[in-house]
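In this note's numbering, the protein residues as written are -8 to 66.
No residue lacks a Cβ here, since even glycine has one placed at the ideal position from N, Cα and C.
What follows is a short report on a single structure.
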Ligand SMILES: [Zn+2]
């Protein structure tokens, strides 16, 4: 009988822990932005390589894959 009580207590602890963990998981907002949003792509005006707008080098006429291509195109 003693063991049954211990088992019950153990189950109760596990159940409490699990429900607490589930609540914690629900509280967290789903990751927004960066991961799900499509990355804006631009093409290099000099060689046509597509790259993320954030990584592009911006010149007076548009975007480039590198400073070298910007110089070559806008010179
Ligand atoms: Zn380029």
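Short note on residue 49: C-beta not closer than 6 Å to any heavy atom of ligand 1. In this structure, ligand 1 has a non-hydrogen atom nearer than 6 Å to the beta-carbon of residue 60. About 16 Å separates the beta carbon of residue 44 from that of residue 51, a gap too long to meet the 8 Å contact definition.
In this structure, residue 61 lies near residue 48, with their beta-carbon atoms less than 7 Å apart. Annotation: residue 47 is outside any beta strand (DSSP E) and is labelled neither H nor E by DSSP.
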